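Everything on this sheet refers to the single structure shown next.
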């Protein structure tokens, strides 16, 4: 995380200023305007983009394709990223065209974990305008300061398309206007399609650099046992719930641990959740 002195000293003195700046940013993003001049794309351009993206062979070519479609849609910036760091990693998606000063600031302060746009993208499966972020998460004073600083660095309103795949780090494809430019809401359904196919293309390229390895697969009974382990149930309690012997439960859990190569029940439950073998609904009984 970034230097907490920002939150303790400068933040105390500048909190009101940042809140006022954030209000100005939101007002700029959402003001009404004659958008007759706006650059629009059509379904044909989306289809062409998707066809090219599906066959593209390297990240440099994808970056060029992204720059072109970004301009055609009327945006100025784009970012295809996994939400882990803005430093390029071998197996992660990282194709970014944001203002360099903001990228440097974002990386230096390690904002990838606390960025309000990233956090909001974890709460939805469809794209959203940045001006609507308050409908997805509660913004803190720190969140407002981040958005205000991003605006000052040159990022205006934007649109983020989430990418959630069990067993992988969350990611997103974002497009941003320049500061002071107005986002045309009419083409956002098409931007959603562009963002989804763009991220999948980047993900495909990133996976080419690592050996293809399928995660372990649990049997239905093993998954049931692991879900109950995640609820904190003992082997005896699991046997009573499932109507099977306690020794059978012990064996199912052991086999599941062996498949994951772990020795602890807690880590087994975490891995199974991360890989999508069990869901939070299974754990909490919803």
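In the working numbering, the protein residues as written are 398 to 683.
Here a beta-carbon is modelled for each residue, glycine too, at the ideal position from N, C-alpha and C.
All values reported here derive from a predicted model rather than from experimental measurement.
Reduced DSSP category for residue i - H, G, I as helix; E, B as strand; rest coil
i: residue 586; result: helix
i: residue 490; result: coil
i: residue 430; result: Any reading at residue 430 is ruled out, since the residue's pLDDT is 43, under 50, leaving its predicted position unreliable.
i: residue 561; result: coil
i: residue 603; result: helix
i: residue 554; result: strand
i: residue 574; result: strand
i: residue 464; result: helix
i: residue 579; result: coil
i: residue 568; result: strand
i: residue 480; result: coil
Which listed residue (the options) has its alpha carbon closest to that of residue i
i: residue 613; options: 656, 624, 628; result: 656
i: residue 596; options: 442, 493, 439, 628; result: 493
i: residue 615; options: 638, 643, 440, 653; result: 653
i: residue 501; options: 472, 468, 550; result: 550
i: residue 617; options: 674, 592, 562, 665; result: 674
Rounded C-alpha distance that separates residue i from residue j
i: residue 455; j: residue 650; result: 42 Å
i: residue 462; j: residue 667; result: 38 Å
i: residue 578; j: residue 564; result: 37 Å
i: residue 490; j: residue 682; result: 34 Å
i: residue 582; j: residue 559; result: 17 Å
i: residue 705; j: residue 660; result: Because the chain in this structure spans residues 398 to 683, residue 705 falls outside the shown range and cannot be described.
i: residue 632; j: residue 680; result: 16 Å
i: residue 474; j: residue 625; result: 46 Å
i: residue 517; j: residue 529; result: 10 Å
i: residue 478; j: residue 540; result: 20 Å
i: residue 515; j: residue 476; result: 12 Å
i: residue 531; j: residue 603; result: 32 Å
i: residue 590; j: residue 505; result: 32 Å
i: residue 671; j: residue 587; result: 30 Å
i: residue 584; j: residue 453; result: 25 Å
i: residue 497; j: residue 542; result: 19 Å
i: residue 449; j: residue 646; result: 50 Å
i: residue 571; j: residue 513; result: 13 Å
Buried versus exposed, by CB contacts within 10 Å (16 or more), residue i
i: residue 499; result: buried
i: residue 444; result: exposed
i: residue 451; result: exposed
i: residue 635; result: buried
i: residue 637; result: exposed
i: residue 470; result: buried
i: residue 440; result: exposed
Distance CB(residue i)-CB(residue j) smaller than 8 Å
i: residue 555; j: residue 573; result: yes
i: residue 548; j: residue 576; result: yes
i: residue 459; j: residue 678; result: no
i: residue 480; j: residue 568; result: yes
Residue i CB to nearest heavy atom of the ligand PLP below 7 Å
i: residue 467; result: Absence of the ligand PLP is noted for the structure shown, with no ligands found whatsoever.
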